[in-house]
Each structure stands twice: as structure tokens, then as C-alpha cells.
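Asks: Sequence order for the protein chains is A and B.
So the number in my numbering is just where the residue sits in the first sequence, counting from 1, plus 529.
So the number in my numbering is just where the residue sits in the second sequence, counting from 1, plus 35.
By construction, the Cβ of each residue, glycine as well, lies at the ideal position given by its N, Cα and C atoms.
All figures in this text were calculated on a predicted structure; none of them were measured in a lab.
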Amino acid sequence: MTMKMRKTPRFPKWLFLVLLGMTCAAATGTAVWYDLTYNSGRLVYPMDSYAFQPMDIPMIIVVAADVLFFLHLAFLLVRGIIAQREHVAKTGRTRRLSPKFGFLGFLGLFGFAGFWSYGALGDLTPFVFFTFFGFFGFFFEGKMSNILMDERYKENAVRAELKAYRVGFGTVFALLILAGQSGRFKADLVAPVLVAGIALTVALTMFLSEYLLYRYDHDDTAALEEGE
Amino acid sequence: MEGFTCELKRYRQAKGLTQGQLAELVGVRRETIMRLEKAQYNPSLKLAVDISRAVGAAIEEIFVFE
């Protein structure tokens, strides 16, 4: 007897993750509202010492769910990275990546929060987010996704990286001189100029190494194809 | 590249191979073969040997340095 299997449409994994993330965010918002309304904001405002109360349970559950969600995301990320490395080692091809990951570069805009946080709280940490501008390089890495890494590709990769590092080191050198000068006018500027500047330089180096590799690999390809 | 000419296209066509087929035989991308034929890329010794075996011609006949 044969059984007919009906194909059910597959629910995309990324959509599931987005929905799960939205659920976690909504649950966190609700738990914060609950804590502020019915629990005097015990778990929202900073406290010196903690003693458990049954009214804390909703917030504890939601925070535990959030932690589990982020752990799951971290697990997926690590598993993806390992799978990509195995793919590269096994096939000799570049990693499989969608150019759409380039949009992650917009995360670098969070770096501008550093101007507020440094002024208001003296905190420089948000400037580090400028590093994410380097993810714009994924636009170009994605265009060269899953291609054979032959000797010309490897040569171009080394060439592009060297050029990117040279630009990066030059920028850091100029930045150090600038930071030294800024100390003459206002010493407070040295730290933010250095942190923001170095974060931007790291981003520039990440982006340039992918962009230049793409340029070296693709320049004049159209002209060459005509001659075939 | 100055002083470098490449006769690969002639030998490849004589052997009845397309650029893609030759690329697959020697383990490189078609773009690399295209650049080799235009003398815009200087191959490693290993690639030169592989190409010479694939098209059945001596290295110095395919890659000519003046």
C-alpha cells in the first residue's frame, strides 16, 4: 500500500525568526508595562539589592525568553559560520552570501548615538557601531558568492587587502596627528575623535578589501567577452 | 603586460576546446582563461604546465616572453 504524501508549503526560517523576535519584543514591552503599573517598576529602575517577589515572575519569564532567543540567534550564527568555512575548505569556492547582507551596513548609523551619549553620559561605546558601516562590503562579496577561488582570485584578494590596509594605516596615522592637534584646543575631543575615527577606519578597511577585490576581479570583463 | 604574448587562444581552438571547458580542465575560472588569452595575466608555473598539457603544446609556444 502506498501512501501519498501531501507537500505542505515550507514556512521560511527567517520569517519564523522575525516573528519570534517581534513576539519577544512585544512580550518585553508588556512585561515592562506590567512591572511599572503593578509592581512599582521594581525591575525597571535600578536597585541596590534584589529579593524575589511573586509579582516579579512575568518579568523574569520574559527576560529568560529573551535570553533564550538571543542564545538561539548566536547558535545559528556560529553554526552558519562553521558551515560556510566547511563549504570553502571542501569546494575551494567563496562563501555563499546574499548581497542583501550589505544592508547590515546601515547598522553603522547607530554610531551617531555616540555624539549624544558622550555629551550626556560621557560614554564613548556607541561610536564603535561605526564599524558596522564595513558591512556595506557584503554587497560586493555577495556578488562574488560561491565562485571558484582560483590563483588569480587569490592574488587579487591579497592585492585588495594590502591596498585596503595601506589606506587604513594611512588614515589612522592622519587621525593620530589630528587627535594630537585637537588636544591643543580641547582635550575632551581626543577620546571621541580617536574612537569614532578608528571605528570608521576599520569599517573603511573592511569595505575597501571587498570593493577592490570585486573591481580587480571584474574590470574589463565585458570588453574581454567581446573578444571571445 | 609588456613583452608578453599569449598564443593560448590558437592552441585552444585547434584542440576544439571552449574557454569554459579549458577552465574546468585546469581548475580555474573562465575569466582567468579570458585574461590569459589577452595576455593580461601572468600565470603561475603550475597553471602554465596544466594548460600546456591540456592543449598539448609546449609552454614556451603558448606563453611567449620577448
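1) The stretch 674-687 of chain A: which residues have C-beta closer than 8 Å to a C-beta of chain B, in chain order?
2) Quick one: is B/Pro78 buried, meaning 16 or more other Cβ sit within 10 Å of its Cβ, or exposed?
3) Quick check on the burial criterion: 16 or more other C-beta atoms within 10 angstroms. Buried or exposed for A/Ser627?
4) Comparing alpha-carbon positions, which option in B/Glu96, B/Ile94, B/Ala89, B/Ala93 lies nearest B/Gln54?
5) Would B/Leu43 pass as an interface residue toward chain A - the criterion being a Cβ-Cβ separation below 8 Å?
6) My assumption, with CB atoms under 8 Å, is that B/Val99 sits in contact with B/Glu42. Please give the rounded CB distance.
7) Sorted by chain position, which residues of the same chain lie with C-beta nearer than 6 Å to A/Phe736's C-beta, five sequence neighbours on each side aside?
8) Applying the criterion that 16 or more other CB atoms from any shown protein chain within 10 Å of the CB defines a buried residue, is B/Arg47 buried or exposed?
9) Please classify A/Leu677: does DSSP put it in a helix, a strand, or coil?
10) Does at least one heavy atom of the ligand COA sit under 7 Å from the Cβ of A/Gly609?
11) Using a C-beta cutoff of 8 Å, does B/Arg64 count as contacting chain A?
12) Rounded to a whole number of angstroms, what is the C-alpha to C-alpha distance between A/Val731 and A/Thr654?
13) Check B/Val61 in the structure and name its three-state DSSP category.
14) Alpha carbons only, please: which of A/Thr552, A/Leu572, A/Leu707, A/Phe669 is nearest the one belonging to A/Asp746?
15) Tell me the rounded alpha-carbon separation between A/Gly640 and A/Lys715.
16) Quick one: is B/Glu67 near chain A, going by C-beta distance under 8 Å?
17) Quick check on the burial criterion: 16 or more other C-beta atoms within 10 angstroms. Buried or exposed for A/Leu691?
18) Measuring only between beta-carbons, confirm whether B/Leu82 sits less than 8 Å from chain E.
Replies: From the atom records:
1) Ile676, Leu677, Asp679, Glu680, Arg681, Tyr682
2) What you label residue 78 of chain B is simply residue 43 of the second sequence in a count that begins at 1. Classification of B/Pro78: buried, given that the 10 Å Cβ count is 16 or more.
3) Indexing the first sequence from 1 puts residue 627 of chain A at position 98. Exposed.
4) In the second sequence, the residue the question calls residue 54 of chain B occupies position 19. Ranking the options by Cα distance to B/Gln54, first place goes to B/Ala89.
5) For this step, residue 43 of chain B is matched to residue 8 along the second sequence. Not closer than 8 Å to any Cβ of chain A, the Cβ of B/Leu43 fails to qualify, so no.
6) Residue mapping note: residue 99 of chain B aligns to position 64 of the second sequence, counting from 1. Residue mapping note: residue 42 of chain B aligns to position 7 of the second sequence, counting from 1. That belief holds up - the Cβ atoms of B/Val99 and B/Glu42 are roughly 7 Å apart, short of 8 Å.
7) In the first sequence, the residue the question calls residue 736 of chain A occupies position 207. Contacts found: Gly663, Phe665, Gly666.
8) By 1-based counting over the second sequence, the position of residue 47 of chain B is 12. The residue is buried, with at least 16 neighbouring Cβ atoms inside 10 Å.
9) Here the question's residue 677 of chain A lines up with position 148 in the first sequence. In the structure shown, A/Leu677 sits in a strand (DSSP, three-state: E or B).
10) For the ligand COA, the structure offers nothing, since it holds no ligand at all.
11) As a first step, residue 64 of chain B must be located in the second sequence, where it is residue number 29. So yes, B/Arg64 belongs to the interface.
12) In the first sequence, the residue the question calls residue 731 of chain A occupies position 202. In the first sequence, the residue the question calls residue 654 of chain A occupies position 125. So the alpha carbons of these two residues sit roughly 15 Å apart.
13) For the purposes of this step, residue 61 of chain B is taken as the residue at position 26 of the second sequence. B/Val61: helix per DSSP, three-state reduction.
14) As a position in the first sequence, residue 746 of chain A is number 217, starting the count at 1. Measuring from the Cα of A/Asp746, the nearest candidate turns out to be A/Phe669.
15) As a position in the first sequence, residue 640 of chain A is number 111, starting the count at 1. As a position in the first sequence, residue 715 of chain A is number 186, starting the count at 1. Their Cα atoms are separated by approximately 22 Å.
16) Indexing the second sequence from 1 puts residue 67 of chain B at position 32. Looking at the sequence itself, residue 67 of chain B is Thr, so the reference to Glu does not match. At least one chain A Cβ lies under 8 Å of B/Thr67.
17) Position 162 of the first sequence, counted from the start, is the residue given in the question as residue 691 of chain A. Answer is exposed; the Cβ neighbour count stays below 16.
18) In the structure shown, chain E cannot be found, because the protein chains are A and B.
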